[in-house]
Amino acid sequence: MMIERGAIYAMVENGTYTSKPRPVVVMQNPNVRLDSVIIAPLTSNDAHGEPIRIAVEPSPDNGLTKRSYVMCDKVTAIRASSLNDEPIGRLPTATIKQIQETIYELIDEGVPLD
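Start counting the sequence shown at 6; every next residue gets the next number (the numbering used here).
Okay, structure coming up:
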């Protein structure tokens with residue numbers, strides 16, 4: 006299965022932080038081919054998560070049916086086989102960049118290591 010960065014897939018099993026299957030956005034470099042894939046799960050629950058949760062409005066392009074939030078604080082790797090065979094949609098490049106920047110800020114934000 007060819008998995009694209011920015012594609013939204015339905016995850017077919019529960020995740021560590023999720024009580025039910027849910028949509029996820031692929032964040033992994035498309036040149037890396039493993040049996041796992043790095044994803045950020047989506048939720049319809051805002052829970053006052055901004056700025057670390059990125060809002061995504063439903064559209065025909067992304068395949069979502071309601072406003073969702075990319076949980077940048079819950080990025081994880083899952084088995085590629087945990088995804089449906091075909092994506093339900095795709096996020097625009099600007100949103101993918103916003104997610105990447107948010108993840109980077111969560112990881113680093115210029116904090117020295119020593």
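Where is the CB? At the ideal position from N, CA and C, for every residue including glycine.
Query raised in the report: With 16 as the cutoff for other CB atoms within 10 Å, does Y109 come out buried or exposed?
Result: exposed
Requested in this report: Can you tell me the Cβ-Cβ gap for S73 and S41, rounded? I've got them flagged as a contact below 8 Å.
Outcome: Not confirmed; about 23 Å, so no contact.
Query - The beta strand (DSSP E) enclosing A15, as first and last residue numbers - result: A12 to A15
Query raised in the report: So which of D78, D90, I59 and A99 has the shortest CA-CA distance to D113?
Result: The residue with the shortest Cα to Cα distance from D113 is D78.
Query raised in the report: In three-state terms, what does DSSP make of I83?
Result: strand
Query raised in the report: Given that a residue counts as buried once 16 or more other Cβ atoms are within 10 Å of its Cβ, and exposed if not, what is M7?
Result: exposed
**Report entry** Endpoints, beta strand (DSSP E) assigned at L47
**Finding:** S41 to T48
Query raised in the report: Short check: CB of L88 to CB of M16, under 8 Å?
Result: yes
Query raised in the report: Between L96 and V30, is the Cβ-Cβ spacing less than 8 Å?
Result: In this structure, V30 lies closer than 8 Å to L96 by Cβ.
Query - V61 versus L39: straight-line alpha-carbon distance, rounded - result: Approximately 28 Å between the Cα atoms of the pair.
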